[in-house]
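Student:
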Amino acid sequence: METTKSNAVTNRPARRSQTVPEEEPKATNTMVSTELKIENLDLGLIQPDPNQPRKSYDELKLLGLADSIKEFGVLQPITVRKSDKGYTIVMGERRYRSSKIAGKRTIPAIVRKYENNDVLELQIIENLQRQDVEPTEEAEAIAFLSEKYTPSEIAQRLGRGENFVRQRIKLSGLIEGFKHFVRNGEMTISLGVAVALFEPEDQKMMLEIMGKEFNGNQLKRMVDNKTYDLSKAPFKVEDKDLIANAGSCIQCPFNAINQGNLFGDGKMICTKSACYETKKLKVLLNLIKRAKKENRILIPDIRRHFAGQEGNQLIISQMEKEGLTVYLLDDIDLLKRPSKPTTKSIKEDYYWKEFTKEELKKQLDGAIKVYNTELEAFNTAEENGYIKGFYFDTDSYKTEKVFVKIEKEEDNESPECSVPLEKRKMEDCTPEEQITKLNSKEVRKKEIENNKQFEEVATMIRETDYIHSKKALTIDEMVAFTITLYENTIGYYERQQHFKDFYGKSLITSRENLVKRFKKNFKKETFNKLIRFVLTKQVHFGEANHTNNFTNISFYTAMQGFHGTEIAKIEKAYAETRSKREKRLEARIAELQKQVKALKA
Numbered sequence: 031m032e033t034t035k036s037n038a039v040t041n042r043p044a045r046r047s048q049t050v051p052e053e054e055p056k057a058t059n060t061m062v063s064t065e066l067k068i069e070n071l072d073l074g075l076i077q078p079d080p081n082q083p084r085k086s087y088d089e090l091k092l093l094g095l096a097d098s099i100k101e102f103g104v105l106q107p108i109t110v111r112k113s114d115k116g117y118t119i120v121m122g123e124r125r126y127r128s129s130k131i132a133g134k135r136t137i138p139a140i141v142r143k144y145e146n147n148d149v150l151e152l153q154i155i156e157n158l159q160r161q162d163v164e165p166t167e168e169a170e171a172i173a174f175l176s177e178k179y180t181p182s183e184i185a186q187r188l189g190r191g192e193n194f195v196r197q198r199i200k201l202s203g204l205i206e207g208f209k210h211f212v213r214n215g216e217m218t219i220s221l222g223v224a225v226a227l228f229e230p231e232d233q234k235m236m237l238e239i240m241g242k243e244f245n246g247n248q249l250k251r252m253v254d255n256k257t258y259d260l261s262k263a264p265f266k267v268e269d270k271d272l273i274a275n276a277g278s279c280i281q282c283p284f285n286a287i288n289q290g291n292l293f294g295d296g297k298m299i300c301t302k303s304a305c306y307e308t309k310k311l312k313v314l315l316n317l318i319k320r321a322k323k324e325n326r327i328l329i330p331d332i333r334r335h336f337a338g339q340e341g342n343q344l345i346i347s348q349m350e351k352e353g354l355t356v357y358l359l360d361d362i363d364l365l366k367r368p369s370k371p372t373t374k375s376i377k378e379d380y381y382w383k384e385f386t387k388e389e390l391k392k393q394l395d396g397a398i399k400v401y402n403t404e405l406e407a408f409n410t411a412e413e414n415g416y417i418k419g420f421y422f423d424t425d426s427y428k429t430e431k432v433f434v435k436i437e438k439e440e441d442n443e444s445p446e447c448s449v450p451l452e453k454r455k456m457e458d459c460t461p462e463e464q465i466t467k468l469n470s471k472e473v474r475k476k477e478i479e480n481n482k483q484f485e486e487v488a489t490m491i492r493e494t495d496y497i498h499s500k501k502a503l504t505i506d507e508m509v510a511f512t513i514t515l516y517e518n519t520i521g522y523y524e525r526q527q528h529f530k531d532f533y534g535k536s537l538i539t540s541r542e543n544l545v546k547r548f549k550k551n552f553k554k555e556t557f558n559k560l561i562r563f564v565l566t567k568q569v570h571f572g573e574a575n576h577t578n579n580f581t582n583i584s585f586y587t588a589m590q591g592f593h594g595t596e597i598a599k600i601e602k603a604y605a606e607t608r609s610k611r612e613k614r615l616e617a618r619i620a621e622l623q624k625q626v627k628a629l630k631a
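Position in the sequence shown counted from 1, then plus 30, gives you the numbering used here.
(1) For F592, count the other beta carbons within 10 Å of its own beta carbon; 16 or more makes it buried, fewer makes it exposed. Which is it?
(2) Taking 8 Å as the cut-off, does the region 343-360 touch the region 316-331 (at least 3 CB pairs, one atom from each stretch)?
(3) Look at the alpha carbon of L92 and the alpha carbon of A132, and state the distance between them as a whole number of angstroms.
(4) Distance check for P80 and K134, CA to CA, integer angstroms please.
(5) Could you check whether the Cβ of F557 sits closer than 7 Å to any heavy atom belonging to the ligand MG?
(6) If we call anything under 8 Å between Cβ atoms a contact, is T512 one with L560?
(7) Across which residues does DSSP place I520 in a beta bridge pair?
(8) Select from E430, G189, A263, P264 the residue whose C-alpha is nearest the C-alpha of Y421.
(9) For Y306 versus Y381, is the C-beta spacing smaller than 8 Å?
(10) What residue range is occupied by the uninterrupted alpha helix (DSSP H) comprising K435?
(11) Going by CA-CA distance only, name the one from K428, T424, V432 that's closest to E412.
(12) On the criterion of 16 or more Cβ atoms from any shown chain inside 10 Å, does Y496 qualify as buried, or is it exposed?
(13) Let's see if you can read the secondary structure: which residues bound the beta strand (DSSP E) around V141?
(14) At which residues does the beta strand (DSSP E) containing Y421 begin and terminate?
(15) State the beta-bridge partners of Y258 as determined by DSSP.
(16) Do you know offhand how far E616's Cα is from Q526's?
(17) Compute the Euclidean distance between the alpha carbons of D531 and A407, then round it to the nearest angstrom.
(18) Nearest to Q197 by CA position, among S220, D363, G207, is which residue?
(19) CA-CA distance, D182 and V569?
(20) Which residues in the same chain have their Cβ closer than 8 Å to the Cβ of N255, if we skip the five residues on either side of it in sequence?
(21) Could you name the residues of the same chain whose beta carbon sits closer than 6 Å to that of K624, not counting the 5 residues immediately before and after it, in chain order?
(22) According to DSSP, is D79 part of a helix, a strand, or is it coil?
(23) Any idea which residues DSSP pairs D72 with across the strands?
(24) Look up E54 in the DSSP assignment and say whether it is helix, strand or coil.
(25) Find the nearest neighbour of D72 within the set S98, E101, L95, I108, judged by alpha-carbon distance.
(26) Do the region 263-273 and the region 194-210 make contact, defined as three or more Cβ pairs closer than 8 Å?
(27) Does Y604 come out as helix, strand or coil in the three-state DSSP assignment?
(28) Which residues in the same chain as S278 place their Cβ atom closer than 7 Å to its Cβ, once the five residues preceding and following it in sequence are excluded?
(29) What did DSSP end up calling L622 once you bin it into helix, strand or coil?
(30) With 16 as the cutoff for other CB atoms within 10 Å, does V487 come out buried or exposed?
(31) M240 and L249 look like a contact to me (Cβ under 8 Å); what is the Cβ gap, rounded to whole Å?
(32) Between the alpha carbons of E101 and P283, how many angstroms are there, rounded?
(33) Could you tell me which uninterrupted beta strand (DSSP E) segments, each at least 3 residues in length, are contained entirely in the region 348-399, listed from first to last along the chain?
(34) Of all the options K613, T587, E216, which has the alpha carbon lying nearest to the alpha carbon of K242?
(35) Pop quiz: P368 and Y401 are said to be a contact at Cβ under 8 Å. What is the actual Cβ separation, rounded to whole angstroms?
(36) From I491 to E507, what does the alpha carbon distance come to, in whole angstroms?
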């Protein structure tokens, strides 16, 4: 190990020639010399090993070591082997480089003989025991060792966890274009491992899509779109017969757990999107077959506005191909079996609110009444004209038994002329149609005028000192901010799940009146609910956590006031796991340090 200036004064310089007794070679070691001599060799006769696995060196650290060598000399000899041109470095290239920087002509060295790949293996193990090894070099080195040793054997030699070794082996499969981003610190190791799950051709395509500038979010989306959490699969992962040629996911080599427990905790991740999508399609086809057999209507979770999306088009086309009439959510009235509310479910639904016992009981009693009404409607559905159906979730591909009533379609047939009114010339229209066209033009003119008027007002306000006002927020400002959050932050499905009656139960009114009504019924609880929802969505996962990111730190701190007890339990569990691991690591490192000293004695 190289000696820096800070600890150099504790060692004595090596003498010109010493005899050093060597330990009895181990079974895995093929070194043949019986005694070692330290010689001062001419630096000009020594060459770095071109096959040395370590490629990168910190220039500042080399300069620091060079300063130490100028003052104290090289206190620990390097190890070399004879070559056709003189000597080749086995261990100690940093000392060699720093000696040249320090202007030295000779360097103390131990000359040893090796056979086969012992040199490279020793270099790799020595480098991997350092703390500053560049991750992609580390991955390539461990991949080299994996040709001779199992991951568990490598882990024992390095004092690392087996999962760490498997991750590095997988990281070695990253193409050079992505390795560059890992080396310069732009790409995290965890994302690198996720990308390395894919074949080189897929990686090249991902790199091409991303472009020259690294974009972690875009890359993560590409990975997410090509990987699937098998714990959420809509089929049984142990099913061997769903797709005969594919077999079960449990034994599949494209299941990340069979490539080493790369994601930890026994997490099964499918990395072969084509196979997963094929199995999902088979689930849909089996459901269509079942719906026809049981004479049930199949209702996909699709609204007319989203029917043109690619995934939804696939589902619709398969239903039509199998002879099913496609009813969208806009076409039907749907009854699902309601879930009975509990104290726990009330607290989860109103997680932002602190209830007293009386308030919680009142809320639960009200929810039970609603539940009983909905359950009665569900149980008497067939008596009220509903028919049996399957509700099909297009995201998860999960199915639920429901009751369905088809709403009557209005007669929207066009007049005799097949050309749309807005595309016909005025002279080709009847007087009544001309009135309609004129009114439509006037509506459009008003929209354009309103757009210009609003833009002028907003621009004027931006040029004032409005944002520096020290006045307290008015109700109108809070209403505006609440609606802004809702309209621009909350997605469609989140609105359905958490904010179904945001504007009220009826939307059959003008937008202006909706805002007036919202203001009239405005409660700070609505504002708080939106803010807290946004807080839960703005936290970052991955390399960002509650110790290195301002958003995450502030969120973690704020949640202590709501769920301090639960957070403390989670923290305690992690602390206990970490403590046990650190003790094991400390013991293992101590053992390895003894072995290193023995090898260098």
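For each residue, glycine too, the CB sits at the ideal point set by N, CA and C. As the structure is a computational prediction, the values presented were derived from the model and not from experiment.
Tutor: Result, derived from the coordinates:
(1) exposed
(2) yes
(3) 10 Å
(4) 22 Å
(5) Looking at this structure, you won't find the ligand MG or any other ligand, since it has none at all.
(6) yes
(7) DSSP lists no partner for I520.
(8) E430
(9) no
(10) Run containing K435: none in the alpha helix (DSSP H); it sits in the beta strand (DSSP E), 429-436.
(11) V432
(12) exposed
(13) 136-141
(14) 417-422
(15) C300
(16) 52 Å
(17) 21 Å
(18) S220
(19) Correcting the residue type first, residue 182 is Ser in the shown sequence and not Asp. Going by the C-alpha atoms only, they are around 36 Å apart.
(20) S303
(21) none
(22) coil
(23) T136
(24) With a pLDDT of only 33 at E54, under the threshold of 50, the placement of this residue in the model should not be trusted; the figure read from the coordinates follows. Three-state DSSP puts E54 in coil, outside helix and strand.
(25) I108
(26) no
(27) helix
(28) V267, E268, D269, K270
(29) helix
(30) exposed
(31) 6 Å
(32) 57 Å
(33) 362-366
(34) E216
(35) 5 Å
(36) 14 Å
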